[in-house]
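**Q** Quick one: this structure, given as structure tokens, is what I'll be asking you about.
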Amino acid sequence: MTTLTSTKDKLALHGGTPVSPQQLSGIAWPPVDEETAQELVRVYKSRKWSFAGPVEQQYELDFAKAHDAKQCVFMANGTITLQGALAVNGIGAGDEVIVPALTWPATAMAALYVGATPVFVDIEADTFCLDPVKFEAAITPKTKAVIPVHIYGSMANIDVIIAIAKKHGILVIEDCAHAQGGKWNNKGVGSHGDVGSFSFQESKTMASGEGGACLTNSEEMAYRLYRFKHIGYAPKTAQGKAVGGPPADLMCHNFRATEFQAVILAGQLRNLDSLMATYNKNAAILEGMLAGVPNITVQARGKKATRQSYYAWCVRFNPADKTGISMKEIHPALAAEGMGMGGTYGVVYKHLLWNAAPSKFRIQDGACTVAENVVCPWVALMSHTMLGADEATIRKVGQALVKVATNLDALRTR
Ligand SMILES: *Cc1c(COP(=O)(O)O)cnc(C)c1O
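Going left to right, the sequence shown walks through residues 63 to 476 as this note's numbering numbers them.
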């Protein structure tokens, strides 16, 4: 045990002065503004609430453009967007879909929904994203698609993943649920792979309660995605005025979103550049404060991130000596300093909501050891909304982390 003399340095958990007496907090989420409120009323009174309304159509164009993609299909959520990306490409029973071990269960559920087998592959210790080398090793003749996830505050190594996928004739679906506004090598996320899937669920960096979108540069795929989510209707067809049926091989659904969601998102899209600028500025401050601090590393940004998006901002604790110390000791110490943080989803195949029978999925090498041992048990994360805080608050966040990371010895239980 290290003995600390000044109360300033002593952990608040042990009676020292906390970095912040109140819990630190970020910006209110989801955002609301008067302009959007008025626009919602206007649309309400217009009686045009669904079925590819004018706001929805414009939003699709604008969202695609903001991510350098040619086509956008707006849908009800960011799970069926993944399902659709697989379905319109004919992926189903007997096929394997590679997904990272660490992601929200929806990424893997999408494979199950089309009758395919999700194959869990390990992640990188620095980015927490799909490990390209292990991805290639997991490919079998049955592999038809890979869904790299740009998770929390990083991006999957998309260039390398796409190159491997091309070599093996595999479809790449980017799961961008955490990455609205992110840019890889100056080009928007979701426009690199064959399809980019986004979620606008209430907690995401663009939020309309529920909602999702697929981006693609393929006119054919956009056409099939539209039919898929629109109970078979072709684009530019009025309700009740279908002229031709959907492709015989495509099972179609009603996965439409409404005009109201498009109104909310259109407002947020106008503000996305400024939100991302704030998040990136504050993330850089935190990275600077934590550089060289022992026992802790910040989740590495995407290797070619020219603008990193953040669903969450993460640190990984990595003490060389792990005797008597775990996040069970670290979390209360952070909370006592005023900076309570959360944990990751954990690996999908151990998630509480994951109930697929073992015969329905596969885990590469029987275990994803980096995800299970190195990343998930040691990550502390905060919502992106914290990155929207003012600089004084951000500096307190950094101070709390530095204080706890440099005093881990005081927290050891043996
Ligand atoms: C939120 C999320 C989804 C699913 O989006 P919903 O809109 O909630 O259906 C998919 N993948 C990841 C990584 C997510 O975080």
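Yeah, the Cβ is synthetic: ideal placement off N, Cα and C, and Gly gets one too.
Report the partner residues of C276 according to the DSSP bridge assignment.
**A** Answer is V135 and S259, bridged to C276.
**Q** Whose CA, out of A319, Y285 and A328, lies closest to the CA of G307?
**A** Y285
**Q** Report yes if the CB atom of E158 is closer than 9 Å to the CB atom of P180, and no otherwise.
**A** Going by C-beta atoms, E158 is nearer than 9 Å to P180.
**Q** Between which two residues does the beta strand (DSSP E) holding M444 run?
**A** V441 to S445
**Q** Any heavy atom of ligand 3 closer than 8 Å to the beta-carbon of K266?
**A** Judged by which ligands are present, ligand 3 is missing from the structure shown, whose ligands are ligand 1.
**Q** First and last residue of the alpha helix (DSSP H) that includes F322?
**A** Here the alpha helix (DSSP H) through F322 covers E321 to L352.
**Q** Out of curiosity, what's the CA-to-CA distance linking K465 and M217?
**A** 28 Å
**Q** From Q461, K72, N151 and M448, pick the residue whose C-alpha is nearest to that of E282; which is it?
**A** N151
**Q** Please specify which runs of the beta strand (DSSP E), each continuous and at least 3 residues long, are wholly inside the stretch 159-213, giving them in chain order.
**A** 179-183 and 205-208
**Q** Leaving out the 5 sequence neighbours to the left and right, which residues in its chain are closer than 7 Å to N342 when beta-carbon positions are compared?
**A** R369 and Q370
**Q** Does ligand 1 have even one heavy atom less than 8 Å from the beta-carbon of G140?
**A** yes
**Q** Nearest to V49 by alpha carbon, out of F423, A155 and L164?
**A** This structure gives no information on residue 49, because the portion of the chain shown stretches from 63 to 476.
**Q** Taking the straight line between their C-alpha atoms, what separation do you get for N316 and I293?
**A** 5 Å
**Q** If you reduce the DSSP assignment to three classes, tell me which class V459 lands in.
**A** DSSP places V459 in helix when its eight states are reduced to three.
**Q** Is H292 helix, strand or coil when you go by DSSP?
**A** strand
**Q** Below 8 Å, can you find three or more Cβ-Cβ pairs linking the stretch 441-458 to the stretch 196-203?
**A** no
**Q** Using a threshold of 9 Å, state whether the C-beta atoms of A324 and Y121 are closer than that.
**A** Yes, Cβ-Cβ distance for A324 and Y121 is below 9 Å.
**Q** Quick one: what does DSSP say V103 is sitting in, helix, strand or coil?
**A** helix
**Q** Per DSSP, which one or two residues make a beta bridge with N316?
**A** Answer is H292.
**Q** Below 9 Å between beta carbons: does that hold for F380 and T359?
**A** Sequence inspection shows Asn at residue 380; the Phe mentioned does not correspond to that position. Against a cut-off of 9 Å, the Cβ pair of T359 and N380 comes out as a contact.
**Q** Can you tell me where the beta strand (DSSP E) with A374 in it begins and where it stops?
**A** A374 to F379
**Q** Just how far apart, CA to CA, sit A126 and D335?
**A** 15 Å
**Q** So K366 and D221 are supposed to be a Cβ contact under 8 Å. How far apart are they, rounded?
**A** 7 Å
**Q** Considering only residues of the same chain and omitting the five flanking positions on each side of A90, which have a CB-CB separation below 8 Å?
**A** Same-chain partners within the cutoff: T447.
**Q** Just to confirm my understanding: we take I392, look at its own chain, exclude 5 residues before and 5 after, and list those with CB closer than 8 Å. What are they?
**A** F379, A442, V466, L470 and L473
**Q** Following a CB-centred definition, is G274 positioned closer than 8 Å to any heavy atom of ligand 1?
**A** yes
**Q** Using the C-alpha atoms, what's the distance from S112 back to R318?
**A** One C-alpha to the other measures close to 8 Å.
**Q** Take every Cβ of the stretch 230-238, pair it with every Cβ of the stretch 96-109, and state whether three or more of those distances are shorter than 8 Å.
**A** no
**Q** If you run the structure through DSSP and keep just helix, strand and coil, what is L233?
**A** strand
**Q** Assign V184 to one of two classes, buried (16 or more other C-beta atoms within 10 Å of its C-beta) or exposed (fewer than that).
**A** First, the residue type needs correcting, since residue 184 is Asp and not Val in the sequence shown. Looking at its Cβ environment, which holds 16 or more other Cβ atoms inside 10 Å, D184 is buried.
**Q** Got a sec? Which residues, its chain only, sit under 6 Å from A239 by beta carbon, not counting five neighbours each side?
**A** G140 and S261
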